[in-house]
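Below is one structure, written out as structure tokens, with a few remarks after it.
Numbering (this note's numbering), first residue to last: 161 to 1083.
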């Protein structure tokens, strides 16, 4: 049983093996190309269908590819794809000669951009066939085959530009002479003509330095290089088809260069922007396309660049629409040359895509067109140069006439111009060409023999050192390189004051300008002297008047009563400072006196700034700066003379403001003209009368008369506290602008409280500091407030309440509050807090009233160095009041800023409370 199974298996294996052999043989026969009998070839025949093709990217040897192509090869039309690819096309042909005599044929590969063309004979006896390359431009093999012989031929081909590749065969008669390559002969002629025109353009460039000629030559070189390869000269001379790879590359660069040449030639940028853009787009496409092809991009890009090649003639010929040859001389040559080139380009492209037959004319269309363009356009450029030459000669003739006319004008100007104009030549002598006015500046002087340096600087306000430096600059510059003048010209004066023989001083504005020779050496120095004495006097008077107008503007912005009170307050505080300085012992310097001096000056400065009296506040600020320096450097001795001088300057600026207000604006500065009696006497009488009638019953007519007198007194003594505080807050808009913050909202709740003259003076001094500290340190800017979920606009709240014999004034804002950690750190560093107080935020907050304490790292003119609150307390205490701080912590253990209110307890005699019916009668 077992032997039968083995025999059955053996039979099956034999059957499978036989079937495989048959299948392989059948497949081999199927892939074997049809045999081509060269004896039947006529004058010309397409033999593409007789071969099979294979694309191979591995670069295998012919022996290795033979088996593969028989197994995998297909019809040539199904395999060839053209373009630039990393690989080789293998084509196999079976040739045989059925005749009794040897036959000779030419096998032609119809593609102009073949970069590799090699032929290998497969399985042939040595000497049985002869193969030679006989054509340079179009790869052609001459095959000689003995009678009754068969030849298996492998072609190794790489090609690009387009996918068309056809194999054609033509019969060659035995002993026929080898025909010369007409293309090579024609190209020698065309390239010779192009080379001559290229050299002609290069010569014109060297002659004129106009880059249009070198650009034209560059375009010709690019296109000529393309034609050199395309015509087969590269193979004819170098013996390789490799350079065909660069045909599309050079073609794109040539098109780009031609478009840029036309763009520059026609000056399209300024004459026709649309045409300029078309030229630019086409040129960029050519440059990018050529670069991408050079990098090995596939054939699809070749089609795009071919479209660009077709569009470029249209762009070039469209210039006829914009530049009529009748109006533009250069267009006569440009149109003929470029239309000839463009027409030949269209013919050449059409022939490459087989829309026109290939012959000597179509194959050399590019060369013919370029030759026409180079010759005609070069002649046009030369004609343009000749035209410009003729125009230039006309311009020169006109220029000579113009120069003569201008010379007469300049001489006339030099005779009448009111300026001293002259030139200094080598040796520091005066040049003969000079204005007539120079004789008025230097009367009775022999300018032809005088030394310019000595004459100019003599009797001037220049020091001997400045005169020496100016002399050295002139001597070192004349006849030397311009660099010497540039390096030393700053030593030459731009303004001098000369004293005449009669003792009169004149101011002269000076200018110094070097005149260079061709070698960049200073040949002469042109000098102008302008008498500006009257102008300087006018400027000085104008400056004084301008400054006076600024004073008047500042004073006008302040109401007369308020300005008068401000001046009185400033004088009182400065008089107090003067007494303190005079009483100060030079040996024993009292720091408390210095603090009081600083507070008084800080207060008058703040008041001046609140009224925007800028010049006055600047003077006060300088005085305050010295006091601040003495406080900071306690060991520095006081300069009493300086302090008295500074105080005199401050009093002087007050006198100046007062004088301008009185003399220029007619404001009376006499206090007695405001009321008939002293205000304190009227207030005393008013209060005595009020106490006298309090609680008493009098006849109605008597009471009516007394109330009428009281209301009259009240109207002249007291003001509505709400209106006073609103007036004090009038500085907020300008403060907000200076600090780049939003104008805050002011909320006032003053009830029916009136305020007397002394109370108004107190609030004015207090609010100067409170408002400025609030705006500078309290209320944040709009951006910070929005981040904290606050309104961009801050709020300031002032409330007044009558309690017993006092008026309680509460001041607060919704700013960031007190910086408790910073105050604690400052208090501990200065020994103002002990260990117990350091944990009590109320004790820490009270330190803001300490002189010199500040949690801000910067000092501004808006608010001072921590003395603001100390000054506020001193003013309030001076009037018998007190001030305290009330904290509003948001949690029990605040770690940062804490909101607060300032509570001022002020004596009621500074105020008055009006009944509602009384308010209506107050005028």
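Just so it is clear, CB atoms sit at the ideal spot from N, CA and C, and this is done for glycine as well.
Item, Value
"Looking at the unbroken alpha helix (DSSP H) that takes in residue 1084, where does it start and where does it end?", "Outside the displayed span of the chain (161 to 1083) sits residue 1084, for which this structure offers no information."
"Taking residue 527 and residue 387 to be in contact with their CB atoms under 8 Å, please state how far apart those CB atoms are, rounded to whole angstroms.", "5 Å"
"Are residue 966 and residue 1030 closer than 8 Å when you measure CB to CB?", "no"
"Exposed or buried, residue 576, counting other C-beta atoms within 10 Å across all chains shown (16 or more means buried)?", "exposed"
"Can you give the Cα-Cα distance for residue 1069 and residue 944, rounded to whole angstroms?", "43 Å"
"Measuring alpha carbon to alpha carbon, tell me which of 416, 385, 420, 886 ends up nearest residue 403.", "385"
"Return the bridge partner residues of residue 582 from the DSSP annotation.", "687"
"Between the stretch 658-678 and the stretch 556-570, are three or more C-beta pairs nearer than 8 Å?", "no"
"Taking the straight line between their C-alpha atoms, what separation do you get for residue 730 and residue 771?", "13 Å"
"CB residue 727 to CB residue 818, shorter than 8 Å?", "yes"
"So, are the CB atoms of residue 893 and residue 956 less than 8 Å apart?", "no"
"If we ignore side chains and look at the alpha-carbon of each, how far apart do residue 814 and residue 762 end up?", "15 Å"
"Name the residue from 221, 207, 435 whose alpha carbon lies nearest to the alpha carbon of residue 270.", "207"
"Looking only at its chain, what residues have a beta carbon closer than 6 Å to the beta carbon of residue 525, apart from the 5 residues adjacent to it on each side?", "504, 507, 508"
"Pull up the DSSP beta-bridge partners for residue 972, would you.", "957, 1061"
"Please return the same chain residues whose Cβ sits closer than 6 Å to the Cβ of residue 695, not counting the five positions on each side in sequence.", "none"
"For residue 438, which residues from the same chain have a beta carbon less than 6 Å from its beta carbon, with the 5 sequence-adjacent residues on both sides left out?", "475"
"Which two residues bound the contiguous beta strand (DSSP E) that contains residue 249?", "248-256"
"According to DSSP, is residue 680 part of a helix, a strand, or is it coil?", "coil"
"Using the C-alpha atoms, what's the distance from residue 811 back to residue 1007?", "34 Å"
"Straight-line CA distance for residue 794 to residue 800?", "15 Å"
"When the distance is taken between beta carbons, is residue 219 closer than 8 Å to residue 114?", "Since the first and last residues shown for the chain are 161 and 1083, residue 114 lies out of range."
"Is residue 658 helix, strand or coil when you go by DSSP?", "strand"
"For residue 553, count neighbouring Cβ atoms within 10 angstroms of its own Cβ and tell me buried if that reaches 16, exposed if not.", "exposed"
"Please classify residue 935 as buried or exposed, where buried requires at least 16 neighbouring CB atoms within 10 angstroms.", "buried"
"Looking at the unbroken alpha helix (DSSP H) that takes in residue 814, where does it start and where does it end?", "800-823"
"Given residue 501, which residues of its chain have a CB within under 7 Å of its CB, disregarding the five upstream and five downstream residues?", "529, 530, 532, 533"
"What is the C-beta distance between residue 375 and residue 240, in whole angstroms, given that I count them as a contact (C-beta under 8 Å)?", "Not confirmed; about 40 Å, so no contact."
"So residue 267 and residue 210 are supposed to be a Cβ contact under 8 Å. How far apart are they, rounded?", "Wrong, their Cβ atoms sit about 11 Å apart, outside the cutoff."
"Going by DSSP, name the residue or residues bridged to residue 728.", "BP columns for residue 728 are empty, so no partner."
"Going by alpha carbons, who is nearest to residue 274 out of 377, 405, 394, 383?", "405"
"List in chain order: all unbroken alpha helix (DSSP H) runs of 4+ residues lying wholly within the stretch 710-784.", "720-743, 751-770"
"So what's residue 122 in DSSP terms, helix, strand or just coil?", "Since the first and last residues shown for the chain are 161 and 1083, residue 122 lies out of range."
"Please work out which residues of its chain come closer than 7 Å, Cβ to Cβ, to residue 259, disregarding the five sequence neighbours upstream and downstream, and give them in chain order.", "199, 307"
"Per the contact definition of three or more C-beta pairs closer than 8 Å, is the stretch 925-935 in contact with the stretch 1030-1048?", "yes"
"Taking 8 Å as the CB-CB cut-off, is residue 1068 touching chain D?", "The structure shown contains no chain D; it is built from a single protein chain."
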